[in-house]
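Since the structure comes first, as structure tokens, the remarks are kept for the end.
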Amino acid sequence: MSRLTGAGEQQRRAEVIDDQGDTVPLPVIPSAGDPREPSDHRQRPLARTADESRPPFTPILKKVALGVAVCLVAGAGYAGLRQVANAPADPNGSPSHSHPATSATPDQAESGVQRAVAGEAVLQKMTDAVENDNRTEFLDTIDPKAADFRGSARTIFSNLTTLPISTFQLRYVSDDPGALTPDRQTQLGGTQSWLAQVEVSWQLSGYDVKPARETLPVTFVTRDGTTYAASFSERFAAGQRRPVWALGQVEVAKGKHSLVVSLDSEAEAKSYVSVADKAVDSVSKVWGKNWRQKVIIYLPAKQSQMEGILGAQPNTYTQIAAVTFAELDSPAVGAPVRIVANPKLFEELGKQGRRIVLTHETTHVASTATASPVPLWLAEGFADYVAFTAVPVQDESAAKELFKAVRAGKVPTTLPTPEAFAASATELPQAYESAWLACRLIAEREGQAKLVKFYRAVHASKTSTGLADAFKSVLGMTEAEFVAEWQKYLERLAGA
């Protein structure tokens, strides 16, 4: 699985019992940060047992193919994204430097300091303008000859005042004076121009415990003795994400438990508030209320905006309906977590399908799955359990592929491995179905509260034996004993 393509996906059919009790067939297919904190990005199977070779802090990816009425997301994935403050301007470029290289001449070092001082001064003026809600002051920092960017800057300022932002900061991190081509430098004019990496952080009041943090490529130009910002979008590095507020005009709708940010329309934002609030309520009924009970949903107007938010290559998410990710370049507990939708697929899911997807995703938010050592089968199985509890499904339809295998004598011998959730896995549907039914068996055998306790115990473990310890202390059995019971459970359900 590539670093940016994501994810475990599920391919299965399910039947959703709608609010009136009818059965609806569902074909479902599935910074450089502060120097004090290490960096992280993402996109691959998430929530695996943490070890030295892979970061435990990751986003969750869901892939869905549309069915007759609605589709269910039940995949999850992650991959560590690299630091971008010193990333190359393009995949084949050379790294920038946050400090002058040791081989730099005194003149080069002095020039670097001068660029940093000039750039930081521009950024501070921008920050102050946002804090003071002063549009004129903000636009005064924009290159008067960068007509297109001035239009974008007006939209950016409007967005920053529309969002419930409590803190906003811009910090000059590094630069690469050779990143701009001679043609681009000629176009910019002035006495000098350069590309810098700038850390931007912002915190949404009432929703974020910690600020969101990303790194933007900012082009500066000095003309007539004054330095300006000339672009926020020049030569993004591979994997470098875009803030939602820099992608177009945003509209915001607030619910009891949700904040929906739409790049399409205010009407669209409002239409998702109720389903997002229901998802939070459904998750809290299972997980409990001892979490923030808040979700933030991004609704791009087009797929390219979704890919920009996630730092993905074009067409990466053509078949992915929604993604849960931590909007922080540095891994940390309490990182701001967002759910971002693929606009076309998400809209076509239908009412119940969107509820299933958002409940599944919200489960990951509540259980802090982007920063958890729980094995993938437990993270995904539990999210499916919560989603299918909120919107009941027919066993025969939801576990069709697994039951087919069991009836053919191919009963799983182990709980699904992380590899079983790979996008290329030949028995991918069975992996998700197996994980869901494993979690449901725990709930049926011990009660739903024990399932939650089991998940929490594994999540809180600080050792490599956390899963085995939880099986013993919470369920009173070994994993091998549980697998034996689970195999019998699958055979009974499949009628084998």
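The sequence shown begins at 21 in my numbering and counts up by one.
Glycine included, each C-beta is placed from N, C-alpha and C at the ideal position.
Computed from a predicted structure; not experimentally measured.
Problem - Ser278 beta carbon less than 8 Å from that of Ile317 - result: Numbered from its first residue, the sequence shown carries residue 317 at position 297. Numbered from its first residue, the sequence shown carries residue 278 at position 258. Against a cut-off of 8 Å, the Cβ pair of Ser278 and Ile317 comes out as a contact.
Margin query: So within the stretch 169–225, which uninterrupted alpha helix (DSSP H) runs reach at least 4 residues, ignoring any that extend past its ends?
Written below: Within the stretch 169–225, the alpha helix (DSSP H) runs of at least 4 residues that lie entirely inside it are, in chain order, 202–208.
**Prompt:** Apart from the five residues just before and just after Ala15, which ones in its own chain have a Cβ nearer than 6 Å to its Cβ?
**Reply:** Nothing about residue 15 can be reported from this structure: the residues present for the chain run from 21 to 516 only.
- Task: May I ask you to verify whether the stretch 149–163 touches the stretch 241–257, counting CB pairs closer than 8 Å and requiring at least 3?
- Result: yes
task = Could you check which residue in Tyr475, Thr446 and Glu447 has the C-alpha nearest to that of Ala458?
result = What you label residue 458 is simply residue 438 of the sequence shown in a count that begins at 1. Answer by Cα proximity: Tyr475.
In terms of residue numbering, what span does the beta strand (DSSP E) encompassing Ile162 cover? On the sequence shown, residue 162 is found 142 positions in, with the first residue counted as 1. Neither: Ile162 is in no beta strand (DSSP E) and is coded neither H nor E.
So Thr187 and Gln217 are supposed to be a Cβ contact under 8 Å. How far apart are they, rounded? In the sequence shown, residue 187 corresponds to position 167, counting from 1. In the sequence shown, residue 217 corresponds to position 197, counting from 1. So it is not a contact: roughly 20 Å between Cβ atoms.
Buried/exposed call for Asp168, threshold 16 Cβ in 10 Å: Numbered from 1 along the sequence shown, position 148 holds the residue referred to as residue 168. Classification of Asp168: exposed, given that the 10 Å Cβ count is below 16.
(request) Along the beta strand (DSSP E) that carries Ala273, what are the first and last residues, could you check? (result) As a working note, residue 273 is residue 253 in the sequence shown. Note, Ala273: beta strand (DSSP E), Glu271 to Lys274.
Here's the rule I'm using: 16 or more other beta-carbon atoms within 10 Å means buried, otherwise exposed. How should Thr434 be labelled?
Within the sequence shown, numbered from 1, the residue matching residue 434 stands at position 414. Result: exposed.
Exercise for the section: Rounded to whole angstroms, what's the CA-CA distance from Val357 to Ser387? Just pull it up for me. Expected result: Residue 357 sits at position 337 when you count from the first residue of the sequence shown. Residue 387 sits at position 367 when you count from the first residue of the sequence shown. Those two C-alpha atoms are separated by around 11 Å.
- Query: In terms of DSSP beta bridges, what is Leu319 paired with?
  - Reply: Taking the sequence shown and counting its residues from 1, one reaches residue 319 at position 299. Leu319 is bridged to Ser282.
task = Taking only runs that begin and end inside the stretch 322–372, name each unbroken beta strand (DSSP E) of 3 or more residues, in chain order.
result = 342–346 and 357–361
Report task. Just the C-alpha distance for Val270 and Ala490, rounded to the nearest angstrom, thanks. Result -> Within the sequence shown, the letter at position 250 stands for residue 270. Within the sequence shown, the letter at position 470 stands for residue 490. Note on geometry: alpha-carbon atoms of Val270 and Ala490 lie some 44 Å from one another.
- request: Mark Leu398 as exposed unless 16 or more other C-beta atoms lie within 10 angstroms of its C-beta, in which case mark it buried.
  value: Indexing the sequence shown from 1 puts residue 398 at position 378. It is buried - the Cβ of Leu398 has at least 16 other Cβ atoms within 10 Å.
*asked:* Please report the distance separating the alpha-carbon of Lys230 from that of Ala299.
replied: Counting from 1 along the sequence shown, the entry for residue 230 is found at position 210. Counting from 1 along the sequence shown, the entry for residue 299 is found at position 279. Distance between the alpha carbons of Lys230 and Ala299 is about 23 Å.
Item to check | Closest by C-alpha distance to Asp203, when choosing among Val377, Asp195, Trp214 and Ser194 | outcome: Position 183 of the sequence shown, counted from the first residue, corresponds to residue 203. The candidate whose alpha carbon is nearest that of Asp203 is Trp214.
Checklist line | Identity of the residue in Leu208, Arg375 and Val150 nearest Ser294 by Cα | finding: By one-based count along the sequence shown, residue 294 stands at place 274. Out of Leu208, Arg375 and Val150, Arg375 has the C-alpha closest to the C-alpha of Ser294.
| message | Which residue wins for smallest C-alpha separation from Glu453, given the options Pro432, Gly331 and Ala250? | response | Here residue 453 refers to the residue found at position 433 when the sequence shown is read from its first residue. The option with the nearest alpha carbon to Glu453 is Pro432.
Is DSSP giving Glu421 helix, strand or coil here?
-> Here residue 421 is taken as the residue at index 401 of the sequence shown, counted from 1. Three-state DSSP puts Glu421 in a helix.
**Cutoff 6 Å; reference Ala273; Cβ partners in own chain excluding five residues on either side** = Within the sequence shown, the letter at position 253 stands for residue 273. Val280, Ala289, Lys290 and Val293, listed in sequence order.
Which residues in the same chain have their Cβ closer than 7 Å to the Cβ of Gly401, if we skip the five residues on either side of it in sequence? Here residue 401 refers to the residue found at position 381 when the sequence shown is read from its first residue. These residues qualify, in order along the chain: Ala455, Trp456, Ala458 and Cys459.
**Request:** Write down every uninterrupted run of the beta strand (DSSP E) in the stretch 232–268 whose length is 3 residues or greater and which is fully enclosed by it, in chain order.
**Result:** 232–243 and 246–251
*By Cβ distance below 6 Å, which residues in the same chain neighbour Ala477 in space, the five residues on each side in sequence not counted?*
The residue labelled residue 477 in the question sits at position 457 within the sequence shown. Excluding residues within five positions, the ones whose Cβ falls inside 6 Å are Ala490 and Val494.
Three-way DSSP call (helix, strand, coil) for Ala391 in this model:
In the sequence shown, the residue the question calls residue 391 occupies position 371. In the structure shown, Ala391 adopts extended strand secondary structure according to DSSP, grouped into three states.
Practice task
Pull up the distance between the alpha-carbon of Asn179 and that of Gly245, whole angstroms please.
Solution key: In the sequence shown, counting from the first residue as 1, residue 179 sits at position 159. In the sequence shown, counting from the first residue as 1, residue 245 sits at position 225. Whole-angstrom Cα-Cα distance: 30 Å.
Suppose the cutoff is 6 Å on Cβ atoms and the five residues either side in sequence are ignored; what does the same chain contact list for Ala107 look like?
The residue given as residue 107 occupies position 87 in the sequence shown. Per-residue confidence for Ala107 stands at a pLDDT of 31, beneath the threshold of 50, marking its modelled position as unreliable; no derived number is given.
| task | Compute the beta-carbon to beta-carbon distance between Ala355 and Thr383, rounded to the nearest angstrom, for a pair I have assumed lies under 8 Å. | result | Counted from its first residue, the sequence shown places residue 355 at position 335. Counted from its first residue, the sequence shown places residue 383 at position 363. Their Cβ separation, rounded to whole angstroms, is 17 Å, which puts Ala355 and Thr383 out of contact at 8 Å.
Excluding the five sequence neighbours on either side, which residues of its own chain have a C-beta within less than 6 Å of the C-beta of Leu86, listed in chain order?
Working through the sequence shown from its first residue, we reach residue 86 at position 66. With a pLDDT of 24 at Leu86, under the threshold of 50, the modelled position of that residue is not reliable, and the figure given next carries that caveat. If we look at Leu86 and ignore the five residues flanking it on each side, its Cβ neighbours are Glu368.
Whose C-beta lies closer than 6 Å to the C-beta of Gln325 among residues of the same chain, with five residues either side of it excluded? Your numbering for residue 325 matches position 305 in the sequence shown. Once the five neighbours on either side are set aside, the close Cβ partners of Gln325 are Leu267 and Leu283.
4-residue-minimum alpha helix (DSSP H) runs that sit fully inside the stretch 456–506, ordered along the chain: 468–480 and 486–495
DSSP beta-bridge partners of Val406
Start at 1 with the first residue of the sequence shown, and residue 406 comes out as number 386. In DSSP, Val406 forms no bridge with anything.
Next item on the list: For Pro184, collect the residues of the same chain with a Cβ closer than 7 Å to its Cβ; drop the 5 residues on either side in sequence, then sort them by chain order.
Entry: If you number the sequence shown from 1, residue 184 lands on position 164. Hits under 7 Å: Leu224, Ser225 and Gly226.
How long is the line joining the alpha carbons of Ala469 and Asp153, rounded to whole angstroms? The count along the sequence shown starts at 1 and reaches residue 469 at position 449. The count along the sequence shown starts at 1 and reaches residue 153 at position 133. C-alpha separation (whole angstroms): 48 Å.
Please tell me whether Thr345 and Thr390 are closer than 8 Å, where the distance is taken between their beta carbons. Translated into the one-based positions of the sequence shown, residue 345 becomes position 325. Translated into the one-based positions of the sequence shown, residue 390 becomes position 370. Rather than Thr, the amino acid found at residue 345 in this sequence is Phe. Contact flag set, yes.
Report the CB separation of Gly275 from Asp297 in whole angstroms; it is logged as a contact under 8 Å. As a working note, residue 275 is residue 255 in the sequence shown. As a working note, residue 297 is residue 277 in the sequence shown. 4 Å between Cβ atoms; contact.
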